[in-house]
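Following: one structure in structure tokens, then a few remarks.
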Amino acid sequence: MAAPSRPRLGVFKFASCDGCQLTLLDCEEELLPIADRVEIADFREASSAVLGGPFDLALVEGSVTTPADRERIHRIRAESRVLVTIGACATSGGIQALRNFADVEEYRRVVYAHPEYVSTLATSTGIAEHVPVDFELRGCPINKRQLLEVITAFLSGRAPDVPTESVCLECKRRGTVCVLVAHGTPCLGPVTQAGCGALCPAYDRGCYGCFGPQDTPNLPSLSHRLLEIGLEPPTLTRFYRSFNGNAPAFRAAAEDVAGAPGGGTG
Amino acid sequence: MDGAERRVGERYLLERREFPAFLAALSASGYRVVGPTLRDGAIVYGEIRTESDLPIGWTDRQEAGTYRVVPRGDGALFGYAVGPHSWKKYLFPSRERLWSARAKEGSAGGFEVEPEPAGADPPLAFLGVRACELAAIAIQDRAFTMANDVAYLRRRERILRVAVQCGVAGGTCFCVSMGTGPAAAGGFDLALTELIAPEHHRFLIEVGSPAGAKVLTGVPLAAAPADSAREAEEVVARTARSMGRSMRVEGIRDLLVQNPEHPRWNDVARRCLACTNCTMACPTCFCQTSEEVPELAGGRVERWRRWDSCFTTGFSELHGTAIRKSHLGRYRQWMTHKLATWYDQFGSSGCVGCGRCITWCPVGIDLTVEVEAIRSSPGVRPSEPSPP
Ligand code: SF4
Ligand code: SF4
Ligand code: SF4
Numbered sequence: 269m270a271a272p273s274r275p276r277l278g279v280f281k282f283a284s285c286d287g288c289q290l291t292l293l294d295c296e297e298e299l300l301p302i303a304d305r306v307e308i309a310d311f312r313e314a315s316s317a318v319l320g321g322p323f324d325l326a327l328v329e330g331s332v333t334t335p336a337d338r339e340r341i342h343r344i345r346a347e348s349r350v351l352v353t354i355g356a357c358a359t360s361g362g363i364q365a366l367r368n369f370a371d372v373e374e375y376r377r378v379v380y381a382h383p384e385y386v387s388t389l390a391t392s393t394g395i396a397e398h399v400p401v402d403f404e405l406r407g408c409p410i411n412k413r414q415l416l417e418v419i420t421a422f423l424s425g426r427a428p429d430v431p432t433e434s435v436c437l438e439c440k441r442r443g444t445v446c447v448l449v450a451h452g453t454p455c456l457g458p459v460t461q462a463g464c465g466a467l468c469p470a471y472d473r474g475c476y477g478c479f480g481p482q483d484t485p486n487l488p489s490l491s492h493r494l495l496e497i498g499l500e501p502p503t504l505t506r507f508y509r510s511f512n513g514n515a516p517a518f519r520a521a522a523e524d525v526a527g528a529p530g531g532g533t534g
Numbered sequence: 005m006d007g008a009e010r011r012v013g014e015r016y017l018l019e020r021r022e023f024p025a026f027l028a029a030l031s032a033s034g035y036r037v038v039g040p041t042l043r044d045g046a047i048v049y050g051e052i053r054t055e056s057d058l059p060i061g062w063t064d065r066q067e068a069g070t071y072r073v074v075p076r077g078d079g080a081l082f083g084y085a086v087g088p089h090s091w092k093k094y095l096f097p098s099r100e101r102l103w104s105a106r107a108k109e110g111s112a113g114g115f116e117v118e119p120e121p122a123g124a125d126p127p128l129a130f131l132g133v134r135a136c137e138l139a140a141i142a143i144q145d146r147a148f149t150m151a152n153d154v155a156y157l158r159r160r161e162r163i164l165r166v167a168v169q170c171g172v173a174g175g176t177c178f179c180v181s182m183g184t185g186p187a188a189a190g191g192f193d194l195a196l197t198e199l200i201a202p203e204h205h206r207f208l209i210e211v212g213s214p215a216g217a218k219v220l221t222g223v224p225l226a227a228a229p230a231d232s233a234r235e236a237e238e239v240v241a242r243t244a245r246s247m248g249r250s251m252r253v254e255g256i257r258d259l260l261v262q263n264p265e266h267p268r269w270n271d272v273a274r275r276c277l278a279c280t281n282c283t284m285a286c287p288t289c290f291c292q293t294s295e296e297v298p299e300l301a302g303g304r305v306e307r308w309r310r311w312d313s314c315f316t317t318g319f320s321e322l323h324g325t326a327i328r329k330s331h332l333g334r335y336r337q338w339m340t341h342k343l344a345t346w347y348d349q350f351g352s353s354g355c356v357g358c359g360r361c362i363t364w365c366p367v368g369i370d371l372t373v374e375v376e377a378i379r380s381s382p383g384v385r386p387s388e389p390s391p392p
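Protein chains in written order, with this note's numbering: chain X, 269 to 534; chain G, 5 to 392.
In structure tokens:
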């Protein structure tokens, strides 16, 4: 009897910095057990051996920013049993979604010597805006432990334990002093999803919102508080418009602040 | 009096310059000392190796949603109120492995549970436990005892409680209203009152248990004259008069239980971030969730628990859907449990009036204000039923 075949893994890149794929490569000691349990059928960042589909598990990094990619994601979806997006780009469009708030045509004309060579869409969008996604792993970049949890969960056929609660829980669990309350440092932790282990507050910075909105964020209340402690409205707008600026909750909050008297677009 | 035996119920005087000898006696008795220390702009609990680890000459300014440390003109060792940490971080760690299990070899299948071995860490001396915190520990003792929580109870048995009578009240303190402070009347092994006068800096030490008496053997102490006991009483009386907050608790159980539809819940829900800081900082909140951490290669799994909160969506998930989806439902659940139904469950309030949830709420939601708002117009009902 032939040995049961291992599930086939594909890792794909769209518009992104490769940081999330690197998180997978960074798994070092866990990488061998993973390679034991899955067949790596397509992972160009790691190996030039490309075996092709179909895939039992596809990990997709990056956002859709070109007409060609808009087509490619449908082909990958059609070949994949389970499709998991990894990172802020794939979830909400990433930092490159700043174009969604600007005039891309103008950029193209001004920045490039031969704008006619550049084929691009007016927006950067997450994968789920194009095809059904089975699970979105957040983060800029994703967290290694969470990635391993998603892969292990997939291999044992259960739901991954990836909490969608706020960053504040991780802050308090590790005993970090709240930078917002104790230092008056603007922090997006209360509206941002956990996953990073509350890295920035542990180093005296406010949370930048890398993991996108938590499951029940209250943006108007946090905006009110951040303005109250002295943040200027244009600065607050820019604060929301970073790695996950195109996530609906953050996008709406930035628009609210920008639209209010004295807001400006920053 | 050196080397003399110390007696439970007695009071002694320790000169400020002999404080290192007291710390040394704690270590010499086998305790690892943990207590207040200044870190990242706040007074938190951590390792105390020498007296310079204490926030000497510092105090705190606390308001709803704001905390700052500031120097105070004297060299007080304990001249501040409670900070963001509480002793629960030692008794009920934020993340802890409970047991592991290994799949059995062979065709029969099944698995074998490996219980978590008792740690070999030295017992802890909690230095600087405040009256409200003694009350909070007693509340958690009740909850974890009812649950027969082996991990908690095992640690709890090994704690020496060195209380400090509060010399200042924080801006968000209301222990007087809750009947938990500022004087620690019992439940400690030793209790210190810091006495600072222009010509004198001393500690009055009250012995609360044989374990406390044992520690003091060999510490250079003097018998406490009656006027120093009066001086110590005046310290806590002054603190009691300067509480930052108060809460009227008469009939609070019925007030909250009878007002689940009060419009004030809508108002607080608009401000609440559902961030969980109030519950994480609260010294009595004990909610937790468990996680399975499987080995990637299969064959072995670990069961961990971590702090959880009634403010998360996941907390109220039953059969895959959250039953408390709204911020209103969560805040109401938390406050009603803490201040009202806790009496039914545990025979006391769940709140000791430490003020942490007020200070450490990023948007400064203050439960004393919320209670007062409901009290000032009880029985008011909105036209629409509230969401879950
Ligand atoms: S520092 Fe930020 S993430 Fe941490 S508890 Fe405070 S508000 Fe939340
Ligand atoms: S509810 Fe607030 S004031 Fe009461 S014990 Fe908890 S943190 Fe302290
Ligand atoms: S009451 Fe304050 S600390 Fe508690 S969840 Fe709401 S916003 Fe966070």
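Idealized CB from N, CA, C, for every residue including glycine.
Every value quoted in this text rests on a predicted model; they were computed, and no experiment measured them.
Quick one: Cα of residue i to Cα of residue j, how far?
i: Gly114/G; j: Ser104/G; result: 14 Å
i: Arg134/G; j: Val168/G; result: 6 Å
i: Ala122/G; j: Thr340/G; result: 36 Å
i: Arg338/X; j: Cys408/X; result: 22 Å
i: Asn270/G; j: Leu494/X; result: 22 Å
i: Leu499/X; j: Arg506/X; result: 11 Å
i: Pro237/X; j: Arg307/G; result: Here chain X comprises residues numbered 269 to 534, so residue 237/X is not present and cannot be evaluated.
i: Cys136/G; j: Val356/G; result: 6 Å
i: Thr391/X; j: Ile354/X; result: 19 Å
i: Leu131/G; j: Arg165/G; result: 7 Å
i: Met5/G; j: Glu14/G; result: The predicted position of Met5/G is uncertain, since its pLDDT is 48 and thus under 50; no value can be drawn from it.
i: Ala155/G; j: Gly303/G; result: 25 Å
i: Gly222/G; j: Ala129/G; result: 18 Å
i: Arg334/G; j: Glu51/G; result: 35 Å
i: Val240/G; j: Pro59/G; result: 20 Å
i: Glu329/X; j: Cys446/X; result: 32 Å
i: Gln289/X; j: Glu313/X; result: 7 Å
For residue i, which residues in the same chain have their Cβ closer than 7 Å to its Cβ, ignoring the five residues on either side in sequence?
i: Arg274/X; result: Arg305, Val306, Glu307
i: Arg146/G; result: Phe350
i: Arg310/G; result: Ser98, Arg99, Gln292, Thr293, Glu295
i: Ala46/G; result: Tyr71, Val73, Gly87, Pro88
i: Ala215/G; result: Leu164, Asp193
i: Leu504/X; result: Ser491, Leu494, Leu495, Val525
i: Asp294/X; result: Lys412
i: Ala187/G; result: Ala135, Gln169, Val240
Only counting the same chain, and skipping five residues up and downstream in sequence, which positions put a Cβ closer than 6 Å to that of residue i?
i: Cys282/G; result: Cys361, Cys365
i: Val386/X; result: Arg376, Tyr380
i: Gly278/X; result: Ala309, Asp310, Phe323, Ala326
i: Arg276/X; result: Glu307, Ala309, Phe323, Asp324
i: Gly477/X; result: Leu456, Thr460, Asn512
i: Thr2/G; result: The requested residue 2/G is not part of the displayed model; chain G covers only 5 to 392.
i: Ser348/X; result: Phe323, Ala326
i: Gly534/X; result: Below a pLDDT of 50, predicted positions are generally treated as unreliable, and Gly534/X, at 43, falls in that range; no measurement from the model is reported.
Please find out if some non-hydrogen atom of ligand 4 comes closer than 7 Å to the beta-carbon of residue i.
i: Thr288/G; result: The model depicted lacks ligand 4 and carries ligand 1, ligand 2 and ligand 3 instead.
Please work out which residues of its chain come closer than 8 Å, Cβ to Cβ, to residue i, disregarding the five sequence neighbours upstream and downstream, and give them in chain order.
i: Pro127/G; result: Gly34, Tyr35, Arg36, Arg162, Ile163, Leu164
Is the region 190-208 of chain G close to the region 17-30 of chain G, with three or more CB pairs under 8 Å?
yes
| Of all the residues that make up the region 443-466 of chain X, which are near chain G by a beta-carbon distance shorter than 9 Å? | Gly443, Thr444, Val445, Cys446, Val447, Leu448, Val449, Ala450, His451, Gly452, Cys455, Gly457, Pro458, Val459
**Study point:** Test item, CB below 7 Å from any non-hydrogen atom of ligand 1
**Key:** Ser434/X, Val435/X, Cys436/X, Cys439/X, Lys440/X, Thr444/X, Cys446/X, Val447/X, Leu448/X, Val449/X, Cys455/X, Gly457/X, Pro458/X, Ala466/X, Pro469/X, Gly474/X, Cys475/X, Cys279/G, Asn281/G, Pro366/G
query: In chain order, what residues of the region 26-44 of chain G put their CB closer than 9 Å to some CB of chain X?
result: If the cut-off is 9 Å between Cβ atoms, the region 26-44 of chain G has Arg43, Asp44 near chain X.
Against chain G: residues of the region 272-291 of chain X by CB proximity under 7 Å = Taking 7 Å as the cut-off between beta carbons, none of the residues of the region 272-291 of chain X comes near chain G.
The region 349-361 of chain X touching the region 403-423 of chain X, judged by at least three CB pairs closer than 8 Å: Counting Cβ pairs under 8 Å, three or more are found: they touch.
- prompt: Does the pairing of the region 60-72 of chain G with the region 184-200 of chain G give three or more beta-carbon distances under 8 Å?
  reply: no
Near-chain G residues of the region 291-306 of chain X (beta-carbon distance less than 8 Å), N- to C-terminal order
Glu298, Pro301, Ile302, Asp304, Arg305
Under 8 Å (Cβ pairs) to chain X, residues found in the region 281-292 of chain G: Asn281, Met284, Ala285
Selection of the region 300-321 of chain G by Cβ proximity to chain X, strictly under 9 Å
Leu300, Ala301, Gly302, Arg310, Trp311, Asp312, Ser313, Phe315, Thr316, Thr317, Gly318, Phe319
Which of the residues in the region 170-190 of chain G, read from start to end, lie with their CB under 9 Å from any CB of chain X?
-> none
Count Cβ pairs between the region 311-324 of chain G and the region 138-157 of chain G that sit closer than 8 Å; are there 3 or more? Touching, no, given that fewer than three Cβ pairs across the two stretches are closer than 8 Å.
Is the region 370-386 of chain G touching the region 330-345 of chain G in the sense that three or more CB pairs, one from each, lie closer than 8 Å?
-> Taking 8 Å as the limit for Cβ pairs, the verdict is that the region 370-386 of chain G does touch the region 330-345 of chain G.
Name, going along the chain, the residues of the region 80-101 of chain G whose beta-carbon falls closer than 7 Å to a beta-carbon of chain X.
Pro88, His89, Lys93, Ser98, Arg99
Compile a chain-ordered list of the residues in the region 490-521 of chain X whose CB is closer than 7 Å to at least one CB of chain G. Leu490, Arg493
Residues of the region 338-368 of chain G with a CB closer than 9 Å to any CB of chain X: list them in chain order, please. Thr363, Trp364, Cys365, Pro366, Val367, Gly368
Practice prompt. Check distances from the C-beta atoms of the region 45-71 of chain G to those of chain X and list, in chain order, the residues that come in under 8 Å.
Written response: Gly45, Ala46, Val48, Gly69, Thr70, Tyr71
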